[in-house]
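First the structure, in the form of structure tokens, and then the observations on it.
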Amino acid sequence: MPQDVKHLVGPVKSSEWPHVRCPACLEGYLAPEFLETVSTAHSSRLQDQYRDEWEPDWIKGGFYGVLRCGIPSCGEPVIVSGDYTVGPDLDSSGRWYGEYADLLQLRFTQPPLSILITPPGTPAKVVAAVTGAAALVWADPGAASNRLRGAVEELLTSEGVRRFEIRNHKRNRLSTHNRILEYRRYESGIADILMAVKWIGNTGSHEGDITAGDVLEGAEILGHALRLRFDTTTEEMERRITRINKRKGIPKKRGAVTK
Ligand SMILES: [Zn+2]
């Protein structure tokens, strides 16, 4: 089972880098091939200048590396980079025995990590907006949150919700909020879910402190709406059950070898 990308929201110990889902095959998980740290010139100089007082947690810098999918037929490489700090190596109960650990904060991946798996049938423009959010989430959560709202807007457009209204002979753009209210008349359940995604984005853009964790939560909730609207797994399973019951067994494919 791949680990949740939420494990990458805060700094992680380089020795405990989470094995998240491969964005290429969506089945394997990514393990670090290498993760290299680079100290800033300033923090290297501090080490020379203050030999006696110097502590490892004065180190600051960046890191870069390559993760690779564990499924041999895929083997997709993912390039990662971000911030590097050094901090106390605490055990699981928060105790410190004087050791330090390299802490890595992800800021960039190429290709973007998957933040939600869109079901087949999801409109291409919605998928593109979600991929845009995934590319920005680590570096600029506020911008990623705007992309996620863009995904909601694209979904509403594909569902036939109007983008403009005519008032006093003037063409006015409808807000995301009002478009969701219109959509609620036909699909109340999904509209409520989209409203939750919108509120998460709103809080961030008004208070200016949206986190990567907030964006990932918004993506998770949007994924729920997309599955309700486009996932046909349940219907397909019901069709297979009906076919099996009708034939009193698994229907044989034409040309299949039978005993
Ligand atoms: Zn893969």
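For the sequence shown, this note's numbering puts the final residue at 1754, and the numbers step up evenly by one.
The C-beta atom is built at its ideal place from N, Cα and C for all residues, glycine as well.
These figures come from a predicted structure and were not determined experimentally.
Can you list, in chain order, the residues of its chain with a C-beta nearer than 7 Å to that of residue i? Leave out the 5 residues immediately preceding and following it.
i, result
"K1754", "Only weak support exists for where K1754 lies, its pLDDT of 46 falling under 50; the value from the coordinates is given anyway. There are no such residues."
"R1722", "P1614"
"V1710", "A1628, V1632, P1636, A1639, S1640 and L1643"
"H1514", "P1497, Q1498, Y1524, L1525 and A1526"
"K1501", "G1708 and L1711"
"A1630", "P1607"
"T1728", "none"
"G1556", "T1532, V1533, S1534, T1535, S1538 and Y1579"
Given 7 Å as the limit, tell me if residue i has its C-beta closer than that to any heavy atom belonging to ligand 1.
i, result
"A1519", "yes"
"I1745", "no"
"E1528", "no"
"I1566", "yes"
"G1523", "yes"
"E1571", "yes"
Leaving out the 5 sequence neighbours to the left and right, which residues in its chain are closer than 6 Å to residue i when beta-carbon positions are compared?
i, result
"R1674", "L1651 and V1656"
"P1572", "V1561 and R1563"
"W1444", "No statement about residue 1444 is possible, as the shown extent of the chain runs from 1496 to 1754 and does not include it."
"E1660", "N1667 and L1669"
"R1724", "I1685"
"S1609", "R1516 and P1518"
Taking the alpha carbon of residue i as the point to measure from, which residue in the options has its own alpha carbon closest?
i, options, result
"L1599", "S1587, L1608, G1582 and K1743", "G1582"
"E1550", "Q1542, G1557 and G1556", "Q1542"
"V1533", "Y1559, E1548 and Y1545", "Y1559"
"L1669", "A1707, G1684 and R1658", "R1658"
"S1587", "I1661, A1707, K1508 and G1616", "K1508"
"I1566", "C1517, D1704 and E1649", "C1517"
"V1689", "C1569, E1712 and I1705", "According to the sequence displayed, residue 1689 carries Leu and not Val. Looking at the Cα atoms, E1712 is the closest of the given residues."
"C1520", "G1557, E1731 and P1606", "P1606"
"V1622", "V1504, W1553 and E1649", "E1649"
"T1706", "I1695, R1590 and W1553", "I1695"
"K1693", "Y1681, L1676, K1741 and E1682", "L1676"
Which one or two residues does DSSP pair with residue i in a beta bridge?
i, result
"G1577", "F1558 and L1601"
"N1740", "In DSSP, N1740 forms no bridge with anything."
"P1572", "R1563"
"A1624", "None, per the DSSP bridge assignment."
"Y1524", "R1516"
"V1507", "L1599"
"L1585", "W1591"
"T1532", "F1558"
"Q1542", "None, per the DSSP bridge assignment."
Leaving out five residues on either side along the sequence, give the residues of the same chain with a beta carbon under 8 Å from the beta carbon of residue i.
i, result
"G1718", "L1611, I1612 and T1613"
Give a single yes or no on whether residue i has its beta carbon closer than 7 Å to a heavy atom of ligand 3.
i, result
"L1721", "Inclusion of ligand 3 in the displayed structure is not the case, the ligand content consisting of ligand 1 alone."
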